[in-house]
Every structure is written in structure tokens, then in C-alpha cells.
């Protein structure tokens, strides 16, 4: 049972009332034609919210609309119980957030620009995703002592849900960070005289409530609070991203520790992990008999000294052909071999699609071994990653590219590409900052020497593929020691 802080309900300003708890805000708008409830809170809030409405002298049965800012449980879980006392009430939520809710089906899909009118109150709903895929913000006029003010609430102001651990666990695209920035910038153009907190700590809801009636001007009236709050959110989000480029940085052993071992072999992968890599990058081809194997080139000559293409051989035939580096050799592994060996490790995988037609089978294999939350599937071919995204929308995809133009990044945004993977020589702090503002994770490839490695890391990339993961481990340790 969740412990909630009960708050005595009170009038905030005009016809707006607070009826929630400290932990979960709920607001009531009283009109001449009935009531509008903004968010309902946790499941445990239901009775508290209804009692608060009654304590203010209103009837729960008079609720005509329940307007939800987004689908998280601290804003929607009480709705099903409250609806039992006002079954005729219509519920509103962006349908993009339906996956988060339980116990009710929303009646009205909140779309950008939707207007809800009841009595003398008209609420403008703006689609402002980021905190969730379907977060919405609300604006309406409110009158106090004959003066009309513009009230507004940002329906998805929380930034904790945009941290990588949460996003990976919930399989939320990193692009939601870019959506959040866009929403904040859009909302800065709105004039708001009375900021309504989506949570009590956003606008000091409770502290101001203590001052209502004790000051010449209602304490909720503050024409600067809205912009100041939004600028603070931008700074917070930028700091989270900057911190995570260091604390969540992925050192991908490129085809394993391929500077030292036969590339794309179990020996190379294990060596990379032993050296301190927290990620593995590898490549997938299909054999003549349909087996998914880890191999970079389409032909065998460079690393095996044998003529022919991977697709010309059965897997059994490939098992007899060693992959060599100097005096070391190992066999070509299957994708299933790889996942069997490493799916229990705390690693991130970058799996590059090298051939057309493997997309669905690769996705199925990733899900089979439960590694969908810590895998990004990449390719130089947009068609390949488009296909796998269409087949498995929750899988993260990345594009390996030499084109870092605005047109190219716009195309990546359009297909829902989570990660941009530019060549290391093209990475600059300014470009990384721009890519992060769009929501992209940034991973470098083509890290051919330690100079490029250091430059890409210092520019703020989120990860890179390196043939020498030990040297990257050492550099990060050196940087951390210098910063300590």
C-alpha cells in the first residue's frame, strides 16, 4: 500500500482547485455546467481525491471530463475507481500513451490543438511528447477579482524518465529526448500567467496555497515562472545527457579485440571483455544453408585466406575454415553461439546487418535470448534498418554513415533511428551537441588510431567501436583521474 500525504483541498485561483496529494497532483476546474478533473493520481489516491472534491462542496457525480496529461500511473491509476462514482464522465488521453494505463479505456484521443469546452472554460490541448510518447499540455483562461489570466501546465515535465537506464528498461527510443527538447522550446512561446504544477514541487503548489488570501495579488500569479521553469528543464536535460556520455559510455570491442585476435570470433570477443570493454560490436551474414554467422566481409579471403563468399558455403563447411590473425586462429561463430555465450553478461551489443534478408531472423534471435533491451542493430544500408524497425519497433537501430548533413539526419529522424554513427573524423563537440538535442545517441566508428579515439571521446560521444578496447579503457581511466 502506497503511503500518501493527504492535503486539505483548497481553492488556488479563480475556479481552479487542488484536490490531490503531495505525491500526485490532481486539479479540479469548476464550471457552470459541471466539473473537469485534471489527472487522478495513483490508485491509492482515488478515495482521497473524491473526498477532497466533496469537502469543497462539489459532487463527484458532476465530473463531466477527466483530462489526463499523460499515461503514467501517478496520473491515471485512480481513474478507474473514480469513474465508478461518475460513470458518465468522458476520459481524455493521447492514445499514444494507452500502453501505460490500466482499468479504463479513454473515450477521447487528445490530439494537438484539441479544445475541450465546458461552461465558460475552454482548454487548449497541445501535444508535447518527451516525458512519454503522448504527453499533453493544457492552457485555459482563469479569472480572479475581475482580471483574466492565462493558466498553463506542462503535462510531461519530468526528466528522470529520459535517463538511459529507464529508457532502455522500458524500451523507449532515445529520440524521446529530442521530442522533449522540441516540446520545451514550443512551450516557451506560450504566455502563461499562472503556472499549474504537473507535480506539487514544480510550482510550489502547497507553499503558495498557504498564502492564498493573505497577499494583495494571488501567489499563483507569476508571469516569469513559466519561462524560468522551462529553461531549468532544458538545463537539467542537457546536464543528464552530458553526465551520461561519461557514466554510460559504451566501449564496444570492434569485432572483439580485433587488433589482437582473429576478428569476430569468440576468442576476440572474450579478449575484449577481459580488457574491460562493456560492449561488443559484430557483423551478421547468412550462409548458403541459412545459418546466421558473425563475419564482416562478404568474402573469406582477407581473414581466412580462402576464396569464395560466405553465402557460397554451408555452416558445416565454414566450421572447417579458420579465421586467422598471426599465430592465433578460431572458427567462425554463429549469432546463436555468440548470444549463448554472452547474453548473461552486462554488455551492450551492436549488431551490424551485412546482408539483405536477415533482418527478421536477427530480431527473432535477439528476442529469443532476451537481449532486446541492450542491443542496437545497425547498418550502412537504410533499407536494412528500416525493415528491422518495422518488424520490431522497440528494437533500437543505428545508422553507420559518412553523411552528417542536416538532410541526412532529418531522414534518420523520420524513420525513428535511435543512434547516429558517424565516422570518428567527422565528430566534433558542436555536432555532438546538435545530435544530442535531436535525441540521437552518438556512436563513433572508424576509430583507426588513438588520436581519433581521444578526440571522439572528448567531443562527448556516447560510445565508439574500437579494435583496441584496452587503450580506450586506459584513456577513460586517465580522464577520470584528471577530473577527480
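Residue numbers (the working numbering): -11 to 472.
Cβ atoms here follow ideal geometry from the backbone N, Cα and C, with glycine treated the same way.
Under three-state DSSP, which class holds residue i?
i: residue 33; result: helix
i: residue 3; result: coil
i: residue 140; result: strand
i: residue 424; result: helix
i: residue 127; result: strand
i: residue 269; result: strand
i: residue 154; result: helix
i: residue 217; result: helix
i: residue 243; result: coil
i: residue 292; result: helix
i: residue 263; result: coil
i: residue 70; result: helix
i: residue 166; result: helix
i: residue 445; result: helix
i: residue 379; result: helix
i: residue 410; result: strand
i: residue 333; result: coil
i: residue 176; result: coil
i: residue 227; result: helix
i: residue 61; result: helix
i: residue 88; result: helix
i: residue 181; result: coil
i: residue -10; result: coil
i: residue 399; result: helix
i: residue 9; result: strand
i: residue 77; result: coil
i: residue 439; result: helix
i: residue 255; result: helix
i: residue 44; result: coil
i: residue 319; result: coil
i: residue 340; result: strand
i: residue 305; result: helix
Give a yes or no on whether the C-beta atoms belonging to residue i and residue j are separated by under 8 Å.
i: residue 28; j: residue 70; result: yes
i: residue 452; j: residue 444; result: yes
i: residue 272; j: residue 342; result: yes
i: residue 442; j: residue 411; result: no
i: residue 337; j: residue 427; result: no
i: residue 80; j: residue 104; result: yes
i: residue 359; j: residue 393; result: no
i: residue 172; j: residue 222; result: yes
i: residue 23; j: residue 50; result: yes
i: residue 209; j: residue -2; result: no
i: residue 85; j: residue 118; result: no
i: residue 151; j: residue 228; result: yes
i: residue 408; j: residue 447; result: no
i: residue 347; j: residue 317; result: no
i: residue 52; j: residue 77; result: yes
i: residue 275; j: residue 339; result: no
i: residue 18; j: residue 66; result: no
i: residue 120; j: residue 154; result: no
i: residue 141; j: residue 57; result: yes
On the premise that residue j lies in contact with residue i, defined as a C-beta separation below 8 Å, what is that separation, rounded to the nearest angstrom?
i: residue 59; j: residue 37; result: Not really, about 18 Å apart at Cβ, beyond 8 Å.
i: residue 21; j: residue 101; result: So it is not a contact: roughly 22 Å between Cβ atoms.
i: residue 161; j: residue 404; result: 6 Å
i: residue 127; j: residue 43; result: Not quite, the Cβ-Cβ distance comes to about 28 Å (not below 8 Å), so this is no contact.
i: residue 383; j: residue 365; result: 6 Å
i: residue 4; j: residue 25; result: With 8 Å as the limit, residue 4 and residue 25 do not qualify as a contact, their Cβ atoms being about 12 Å apart.
i: residue 449; j: residue 430; result: 5 Å
i: residue 245; j: residue 457; result: 6 Å
i: residue 319; j: residue 310; result: 6 Å
i: residue 351; j: residue 376; result: 6 Å
i: residue 10; j: residue 194; result: 7 Å
i: residue 181; j: residue 230; result: At roughly 33 Å, the Cβ-Cβ gap does not stay under 8 Å, so residue 181 and residue 230 are not in contact.
Give me, in chain order, the residues of the same chain whose beta-carbon lies closer than 7 Å to that of residue i; leave out the 5 immediate sequence neighbours on both sides.
i: residue 176; result: 215, 218
i: residue 525; result: No statement about residue 525 is possible, as the shown extent of the chain runs from -11 to 472 and does not include it.
i: residue 277; result: 302, 303
i: residue 247; result: 455, 456
i: residue 40; result: -3, 7
i: residue 92; result: 67, 68, 71, 79
If you drop the 5 nearest sequence neighbours on each side, which residues of the same chain put their C-beta closer than 8 Å to that of residue i?
i: residue 425; result: 166, 169
i: residue 157; result: 361
i: residue 312; result: 250, 291, 292, 293
In its own chain, which residues sit with a C-beta less than 6 Å from the C-beta of residue i, not counting the 5 before and 5 after it?
i: residue 82; result: 98, 122, 124
i: residue 206; result: 1, 132
i: residue 432; result: 412, 415, 444, 449, 452
Segment contact flag, the region 368 to 386 with the region 298 to 307, C-beta cutoff 8 Å, min 3 pairs:
no
Please determine if the region 143 to 150 and the region 179 to 195 are in contact, where contact requires at least 3 C-beta pairs separated by less than 8 Å.
These segments touch.
Using 8 Å as the Cβ pair cut-off and three pairs as the minimum, do the region 279 to 298 and the region 242 to 258 touch?
Put simply, the region 279 to 298 touches the region 242 to 258. At least three CB pairs are less than 8 Å apart.
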